[in-house]
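Each residue of the sequence shown is one higher than the one before, counting from 51 in our numbering.
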Amino acid sequence: MAAGIRGVLPEDVAEMVSACRVLVVGAGGIGCELLKNLVLTGFQDIVLVDLDTIDVSNLNRQFLFHKKHVGKSKAQVAKESALRFNPNAKIDARHDSITNLEYNREFYMQFTLVMNALDNKAARNHVNRMCLAADVPLIESGSGGYLGQVSVIKKGLTECYECAPQQAQKSYPGCTIRNTPSEPIHCIVWAKHLFNQLFGEEDPDQDVSPDTADPEASGDAGQASMNSDKPNDGLTSMERTSTRTWAESTDYNAQKLFKKLFHDDIKYLLSMDKLWTKRRPPVPLVWENLPQEEDLEQSQESIVLHDQKQLSIKDCFSMFKDSLESIKQLYKERGELMWDKDEDAAMDFVTCTSNIRAYIFGIARNTRFDIKSMAGNIIPAIATTNAIVAGLVVMEALKVLAGHIDKCKMVFLYRTVNDKNKLFLTCSLDKPNPKCYVCASKPEATIKLNLSTTTVKTLEDRILKQEFGMIAPDVEIEDGRASILISSEEGETEDNNFKMLSNFMRSGVQLKADDFLQNYQLTINITDCDTLPDGVEFEVVSRSADTAPQPEQSSEDLKDESQPGTSRNGIQTSNSSNTNGNGQAPDDDDDDEEIIMLDDEDKTESTSKIPVSKKRKLSSEDLVSTAASSSTPAKKAKMAQLNQQDDEEDLVVLDD
Ligand SMILES: [Zn+2]
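See below:
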């Protein structure tokens with residue numbers, strides 16, 4: 051097939067296109083489309099990095115891959131397929147993580163341009179920092195359902211990926227999950243935690259038993275009640291044996307587990323009577339005497355799809371027994387399990403246990419289909435969205451190569467055309483935020499935590515890596531002696547890992563955190579605080595010298611891009627809310643930019659899907675203004691979800 055678009059581009063730009071060396075990060079949904087576009091446009095020298103292998107679920111939209119490629123490296127196969135479009139192109143495909151140390155500043159400096167086609171925030175943050183460090187322009191892109199976004203980042207000229215505040219992960223207080231759920235998502239989070247407690251990595255923060263330290267409850271009442279109404283077998287919540295140990299001792303006996311989870315623990319919660327003065331109290335269930343729901347069972351007979359059936363308690367009950375049995379076998383075969391929405395038994399387990407819990411607390415139950423989407427936070431991938439986004443990336447790339455970075459735009463792709471009959475909305479790029487905690491000249495942050503209960507390891511993993519996106523931080527204490535608290539060199543400071551910070555510092559101390567690879571230094575002010583809510587390890591008080599939130603922009607500002615000096619907040623790609631949760635390298639085996647994972651596999655959990663009752667039709671005008679004024683990724687993700695629900699208006703109309 052012929053490649054290149056000679057005669058279309060001005061001579062000098064065509065020259066640049068064939069001479070420049072570019073880096074493409076990601077060979078998934080957007081990456082495949084992008085690579086194909088690049089070779090057909092005449093790009094000749096491309097380095098492609100992707101960590102993933104091809105999954106069968108990729109094949110409906112990642113068209114460089116076919117069935118015979120399943121299990122192979124995405125980067126490698128994408129290269130082979132793209133070369134058939136243009137055999138003259140030179141593609142260096144690397145099946146590797148972009149966060150590896152070899153991809154350092156010097157590596158980035160060899161490129162004229164970097165293009166991201168990533169699926170998670172951690173990797174996006176990292177590439178953003180590397181491009182700032184190497185001073186190479188970066189084109190950032192993302193898609194979620196029908197929505198897409200492309201923007202250009204150039205050090206000193208435009209906002210960086212982290213200039214605008216990123217989505218604050220919505221987390222639920224431990225006591226809501228354990229004691230007083232009020233929404234389906236609370237029960238789903240609880241069910242996922244239960245799975246981990248029983249079969250996965252045990253995390254004390256994911257305890258599913260009643261929380262006796264709930265400040266709202268009266269501990270005494272609970273105690274008194276337990277004394278008078280002590281279950282005669284199994285675990286009482288007073289005994290702090292781990293749920294796992296206890297369950298193993300019963301060989302995961304379904305009846306005993308059911309009794310503990312849905313009867314004894316609920317009775318215990320009821321005894322914390324202060325919790326129920328203003329709430330509907332939960333109703334414990336008895337194994338031998340489950341509620342009859344004949345109406346529900348009869349009305350469901352016509353529903354063929356098992357996933358879309360409204361489940362009765364009886365259905366959930368048999369699902370509980372069956373899935374428990376299957377998972378028990380898996381656990382015996384494989385050892386510790388990771389919850390995976392695509393593992394049928396694991397998904398069934400979360401479906402039935404969350405629904406049983408929802409029933410007990412008088413919360414709406416959901417179908418397996420809905421729970422899967424909430425538990426996995428899936429926004430379906432749409433091949434056409436990715437194709438359009440990849441096209442937009444190339445358009446911006448051509449402007450950069452032509453030396454017209456000032457003409458680059460942030461482009462939004464909408465679900466439907468707006469009142470001006472346009473599917474795209476373009477805005478000028480913002481200037482860098484002088485208070486950005488990444489690209490400002492002296493980035494600074496202030497953190498509140500309890501020095502006596504926070505370990506050095508927590509500081510490193512949860513704060514520096516997860517919260518601030520560092521890969522391998524070194525930390526010095528500014529105590530006049532520049533003591534090294536954390537070293538990225540193996541074996542130097544491991545002894546500190548599980549010591550409390552109070553051994554090393556006092557409130558008001560300044561830390562200098564330095565990620566050598568990212569060429570990124572952050573000053574962190576530490577404030578001691580012993581009044582953080584239960585389950586909250588730390589609080590970021592500010593990410594810069596100034597804590598004031600920026601004002602919400604009006605949609606008008608955005609619609610009229612011809613107005614000079616229009617001030618806007620930063621807007622980030624629609625799935626910048628992606629996170630792989632563990633703050634580690636992008637290891638998402640779950641393919642793609644098209645899954646918006648607000649979910650954090652740690653203890654934060656996503657915003658729930660917007661309940662159907664709140665659903666309303668959005669006009670295209672609404673869409674434009676909502677999306678345009680959504681300055682936070684959270685809102686965008688939410689909007690994406692809202693759109694996703696609006697299935698009656700599926701048409702994307704393109705101007706010819
Ligand atoms: Zn910035």
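Just so it is clear, CB atoms sit at the ideal spot from N, CA and C, and this is done for glycine as well. As the structure is a prediction and not an experimental result, all values here were calculated from the model.
Practice item. With a threshold of 7 Å, establish whether the CB of C489 neighbours any heavy atom of ligand 1. Key: Under cutoff, so the answer is yes.
Point to revise | Closer than 7 Å: N483 CB and nearest ligand 1 heavy atom | key: Residue side-chain check: N483 places its Cβ nearer than 7 Å to a non-hydrogen atom of ligand 1.
Exercise for review: Give a yes or no on whether the C-beta atoms belonging to F370 and I406 are separated by under 8 Å.
Suggested key: Cβ distance < 8 Å, so F370 and I406 count as in contact.
Exercise for review: Using only the heavy atoms of ligand 1, determine whether one of them is closer than 7 Å to the beta carbon of E526.
Suggested key: Every heavy atom of ligand 1 is 7 Å or more from the Cβ of E526, so no.
Exercise for review: Just the C-alpha distance for S373 and D365, rounded to the nearest angstrom, thanks.
Suggested key: When only Cα atoms are considered, S373 and D365 end up about 12 Å apart.
**Study point:** Contact test: E517 Cβ vs ligand 1 heavy atom, cutoff 7 Å
**Key:** Incorrect: E517 has no Cβ contact closer than 7 Å to ligand 1.
Check your understanding: Hey, is C82 close to ligand 1, as in C-beta under 7 Å from one of its heavy atoms?
Key -> False, no ligand heavy atom lies under 7 Å from that Cβ.
Check your understanding: Since P234 is in the beta strand (DSSP E), which residue starts that stretch and which ends it?
Key -> Following the DSSP letters along the chain, one finds P234 in no beta strand (DSSP E) but inside the alpha helix (DSSP H) bounded by residues P234 to F249.
Review point. Are R414 and P234 closer than 8 Å when you measure CB to CB?
Key: Correcting the residue identity first, residue 414 is Ala in this sequence and not Arg. Result yes, Cβ atoms of A414 and P234 sit closer than 8 Å.
Check your understanding: So, helix, strand or coil for P523, using DSSP?
Key -> DSSP places P523 in the strand class (E or B) of the three-state scheme.
Exercise for review: Rounded to whole angstroms, what's the CA-CA distance from F554 to V239? Just pull it up for me.
Suggested key: Their Cα atoms are separated by approximately 36 Å.
Point to revise | Assumed close pair E251, E386 - CB separation to whole angstroms, cut-off 8 Å | key: Sure, about 6 Å apart at Cβ, within 8 Å.
Review point. Do E209 and ligand 1 come close, with the Cβ less than 7 Å from some heavy atom?
Key: For E209, the CB falls within less than 7 Å of some heavy atom of ligand 1.
Point to revise | Span separating the alpha-carbon of T293 from that of M445 | key: Our two residues, T293 and M445, have alpha carbons roughly 55 Å apart in a direct line.
Point to revise | I660 in three-state terms, based on DSSP | key: With a pLDDT of 27 at I660, under the threshold of 50, the modelled position of this residue cannot be trusted; read the value that follows with caution. Three-state result, I660: coil.
Point to revise | Straight-line Cα distance separating E209 from A532 | key: For the pair A532 and E209, the Cα-to-Cα distance works out to about 33 Å.
Practice item. For C225, name the three-state secondary structure that DSSP assigns. Key: Three-state DSSP puts C225 in a helix.
Exercise for review: Note down the Cα distance separating E544 from Q571, rounded to an integer number of angstroms.
Suggested key: Rounded to whole angstroms, the separation of the alpha carbons of Q571 and E544 is 21 Å.
Check your understanding: Say the cut is 7 Å; is the CB of E212 nearer than that to a heavy atom of ligand 2?
Key -> Summarising the ligand content, the structure contains ligand 1 and does not contain ligand 2.
Point to revise | Integer-rounded CB distance, given that A447 should sit under 8 Å from I189 | key: Your pair I189 and A447 checks out as a contact, with CB atoms roughly 6 Å apart and the cut at 8 Å.
Check your understanding: Can you list, in chain order, the residues of its chain whose CB lies under 7 Å from that of P583, leaving out five sequence neighbours each side?
Key -> So the qualifying residues of the chain are P223.
**Study point:** N- and C-terminal bounds of the beta strand (DSSP E) containing G192
**Key:** Per DSSP, the continuous beta strand (DSSP E) segment holding G192 begins and ends at L188 to G194.
Exercise for review: Examine ligand 1 and report whether any of its heavy atoms sits within less than 7 Å of the Cβ of C486.
Suggested key: At least one heavy atom of ligand 1 is found less than 7 Å from the C-beta of C486.
Exercise for review: Starting from H176, follow the alpha helix (DSSP H) in both directions and report where the run begins and ends.
Suggested key: Taken as a continuous stretch (DSSP letters only), the alpha helix (DSSP H) holding H176 covers K171 to A184.
Practice item. Can you grab the Cα-Cα spacing for the pair A172 / L340, in whole Å? Key: So the alpha carbons of these two residues sit roughly 46 Å apart.
Practice item. List the endpoints of the continuous alpha helix (DSSP H) containing Q126. Key: It spans K124 to L133 - the alpha helix (DSSP H) in which Q126 sits, taken as one unbroken run.
**Study point:** Same chain only: Cβ atoms within 6 Å of N546, ignoring 5 sequence neighbours per side
**Key:** The residues are V506.
Point to revise | The alpha helix (DSSP H) enclosing N427, as first and last residue numbers | key: Looking at the DSSP string, N427 is not in any alpha helix (DSSP H), and its letter there is neither H nor E.
Review point. Are the region 175-186 and the region 195-208 in contact at 8 Å, needing three or more beta carbon pairs?
Key: Taking 8 Å as the limit for Cβ pairs, the verdict is that the region 195-208 does touch the region 175-186.
Check your understanding: Got a sec, what are the start and stop residues for the alpha helix (DSSP H) A452 sits in?
Key -> Annotation: A452 is outside any alpha helix (DSSP H) and is labelled neither H nor E by DSSP.
Review point. To which residues of the same chain is K664 closer than 7 Å at the C-beta, ignoring the five residues directly before and after it?
Key: The pLDDT assigned to K664 is 29, lower than 50, so where the model puts this residue is not dependable, and the model offers no usable value.
**Study point:** Identified DSSP bridge partners for L479
**Key:** L479 pairs with nothing; no bridge assigned.
Check your understanding: Can you tell me the Cα-Cα spacing of S191 and N150, whole angstroms?
Key -> Rounded to the nearest whole angstrom, the C-alpha separation of S191 and N150 is 22 Å.
Practice item. Could you tell me the distance, in whole angstroms, from the CA atom of K317 to the CA atom of L514? Key: Those two C-alpha atoms are separated by around 41 Å.
Review point. Thinking just about the alpha-carbon of each residue, which of L501, V450 and D565 is nearest to the one in P187?
Key: Here the closest residue by C-alpha is V450.
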